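Scroll down for the structure; my scribbles are underneath it.
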Amino acid sequence: MTSLTDLQEEYGFLDPDDRYRLLIELGRDLEPMPEALKTDATMVRGCSASVWVYPTTRDDGTFHFLADSNAAITKGIIALVLLTVQDKTPVAILASDIDAALAPFDLKKQLSSNRTQGIPNMIALIRETAARYAG
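Put into structure tokens, the structure is as follows:
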């Protein structure tokens, strides 16, 4: 995956249509999530599209998240969120300011409220998972 900083630079130069295409491309690049993991327990509530996030832990104590959506742009937004937390420890996830990391993308201005309404819920789910493992 591309770094968040590199992506931010590229995103800043694009017009709105190309930003949509970039988000869709990011979503396509997400690691596939097995259908068996797309359950009610892994579903993120409050999203206009169906969104699933599943955390896995690694031997080194880091989280690796699998995620998917039935909507292409939403899947790209998930990919953006995951760039801020992927393969980090629970403590590092809790210490990170995910909202600040996403702020340069100005998603609320670029996308409809329908597309962005679930972002806080995705972030909350990731933080809650990290908090369970950190404590």
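Our numbering applies: residue 277 is where the sequence shown begins, and numbers increase by one.
Quick reminder that beta carbons are idealized off the backbone N, C-alpha and C, glycines included.
All of these numbers come straight from a predicted model, not from anything done at the bench.
Option nearest residue i by Cα separation, candidates the options
i	options	result
Val320	Ile354, Lys384, Ala407	Ile354
Glu301	Tyr330, Asp282, Leu342, Ala348	Ala348
Phe341	Cys323, Ser324, Lys314	Lys314
Asp344	Ser324, Ala407, Asp375, Pro308	Pro308
Trp328	Asp335, Asp373, Leu401	Leu401
Ser324	Arg403, Thr333, Asn346, Gly303	Asn346
Alpha-carbon to alpha-carbon, residue j and residue i
i	j	result
Thr350	Tyr287	16 Å
Tyr296	Asp316	28 Å
Ala368	Ser326	27 Å
Whether residue i touches residue j by CB criterion (8 Å)
i	j	result
Val357	Met398	yes
Gly411	Thr365	no
Leu298	Leu306	no
Gln393	Pro292	no
Whole-Å CB distance - residue i paired with residue j, under 8 Å assumed
i	j	result
Pro331	Thr281	Incorrect: roughly 24 Å between the Cβ atoms, too far for contact.
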